[in-house]
Amino acid sequence: MSTTQDLVTAADSHLYQNYGPRSVVLERGQGSFVWDTEGRRYLDLYAGIAVSVLGHAHPGLTQAICAQAGKLLHQTNYFLTMPNVRLAQRLCALTGMERAFFCNSGTEATEAALKLVRRHFYDLGQTERFRVIAFDNAFHGRTLGALSLTGQAKYKEGFGPVGGVTHVPFGDLEATARAMGPDVAAIITEPIQAEGGIHVAPAGFLAGLRRLCTESGAFLIMDEIQTGMGRTGEAFLFSQAEDVRPDVVTMAKALGGGVPIGAMLCDGALAAALPPGSHGTTFGGNPLASAAALATLTAFEEEGLLERSRTLGEQLTRRLDDIVVRRPAVVARRGVGLLQGLVLADGIVPKEALTRLRDAGVLVTIAGSNVVRFTPALTISSKELDEGLDIVDRVLGDIPA
Ligand SMILES: *Cc1c(COP(=O)(O)O)cnc(C)c1O
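In this note's numbering, the protein residues as written are 909 to 1309.
What follows is the structure in structure tokens.
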């Protein structure tokens, strides 16, 4: 039996089956290419769902991880470590937020934000003020707290009641205003609903949310877990814009360049809401993950990745628009910069399109129910991006609409 077959068989028997069957075993990566155990090469246009911003085996990131692993891998929250403190400083400088709490994933960053705003009002004696407004089709994570904010039934089915959240249509400012009340502690939103199918917030919507929050004394939580870290051409595009400035920003995914890390950053008004002992996690802010995040941010500066993200984003937009015009299997393009989707025509089975693309040597993912999502590394070359999109163009052209 080949190694691949052996691993697939063992996975079928021993891995928990919550992800569905998988038949490709990936072994190594270099830049925007990955190889499977059969030696087949794939062009990576999804970067582990917007995680591997520097591509695979980036020298600076690899070196920083190795150096930190040989120095101090883990510490508890009883002590400070230099990488973690420096990372907090750097992220606060980048976002204009005052404080950073570190955790290990996006869902944990969401949990922290949720506990933060609830506890803030509790400490003010407003114990009934814990409701949060979130949006239909949103994705904020899968622990029960984060799941309560996620606005898609498919993620919630069978897990029992979660509460304290009102969902309203994304982009509908009037519906949001109607849902507000003195019991609302916060509004949470993604600037672009990514998992939900790449829906960009309509013009003025985020600023409108900011106004609603300011008027009622509620907090605005911006989930930049997928949109952050340069994906749209700015470090944290939406949190930096003056008229939409949130009170809380959550980040994860690309933050550690592939090493698991999440962060919840908040404004000074919330600085004391979670007093010592009220929240924490064993691995949160560990030196390895912090060093990886610092190395990722350093690569952004040294390699001019924001500028690069903008240029590549224009190229991706142009090429996808061209595919929409010429290929009946595709009906629209949505997105910003290097977070883009192609909407498949009715009757096309997204999973099949994905498999065809993979077999042709390109890795992408599905967002929402019928959107082929592109989230390449910011280090991909223009030539590699074109090469991948040539394949996408051809494969989608071969699918009968
Ligand atoms: C991925 C994602 C999350 C959840 O992050 P995990 O690390 O998978 O827990 C939350 N919000 C958004 C916008 C995401 O894209």
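C-beta atoms are modelled at their ideal positions from N, C-alpha and C, and glycine is treated no differently.
All values reported here derive from a predicted model rather than from experimental measurement.
Answer yes or no: the CB of H1187 versus the heavy atoms of ligand 1, is any distance below 6 Å? no
Going straight from the alpha carbon of S1124 to that of Y1030, what length do you get? Straight-line Cα distance between these residues: approximately 16 Å.
Spatial neighbours of A1160 within its chain, please: CB distance less than 6 Å, with the 5 preceding and 5 following residues excluded, ordered by chain position. S1013, G1014, A1017, I1133, G1170
Could you work out which residue in T984, W943, T1051, G937 is closest to G1193 when comparing CA atoms only? The option with the nearest alpha carbon to G1193 is T984.
Cβ neighbour criterion (16 or more within 10 Å) applied to T1219: exposed
Where does V1300 sit, in a helix, a strand or coil, going by DSSP? Correct three-state label for V1300: helix.
If I'm right that A887 touches A972 with Cβ under 8 Å, what's the distance once you round it to whole angstroms? Lying before the first or after the last residue shown, residue 887 is absent from the chain, which here runs from 909 to 1309.
Got a sec? Which residues, its chain only, sit under 8 Å from V1167 by beta carbon, not counting five neighbours each side? Only I973, L1196, A1197, A1200, A1201 meet the Cβ criterion.
Within this structure, are the beta carbons of L969 and L962 separated by less than 7 Å? yes
Buried or exposed for R1234, going by 16 or more other Cβ atoms inside 10 Å? exposed
Taking the beta carbon of S1217 as the centre, do at least 16 other beta carbons fall within 10 Å, making it buried, or is it exposed? buried
In whole angstroms, what separates the C-alpha of S1317 from that of Y924? Any property of residue 1317 remains undetermined from this structure, which presents the chain solely from 909 to 1309.
Pull the bridge partners of R1007 from the DSSP assignment, please. C1174
Nonlocal neighbours in the same chain, by C-beta distance under 8 Å from G1071, ignoring five residues either side: S1056
Own chain residues within Cβ distance below 6 Å of A1115, not counting five before or after: D1151, V1152
For ligand 1, I want to know if A1102 counts as a neighbour, meaning its beta carbon is within less than 6 Å of at least one of the ligand's heavy atoms. yes
Nearer than 6 Å: is that true of the beta carbon of A1162 relative to any heavy atom of ligand 1? no
Could you pull out every residue in the same chain whose Cβ sits closer than 7 Å to the Cβ of G1176, ignoring the five residues on either side in sequence? E1006
How far does the alpha helix (DSSP H) with E1210 in it extend, from its first residue to its last? 1195 to 1210
Around the Cβ of N1278, are there at least 16 other Cβ atoms within 10 angstroms (buried) or fewer (exposed)? buried
Secondary structure at Q983, three-state DSSP: helix, strand or coil? coil
Taking all protein chains shown into account, decide if D1227 is buried (16 or more other Cβ within 10 angstroms of its Cβ) or exposed. With the sequence shown as reference, residue 1227 is identified as Arg, and Asp is not the correct amino acid for it. So R1227 ends up on the buried side.
Whose C-beta lies closer than 8 Å to the C-beta of N992 among residues of the same chain, with five residues either side of it excluded? F1010, G1193, N1194, P1195, S1198
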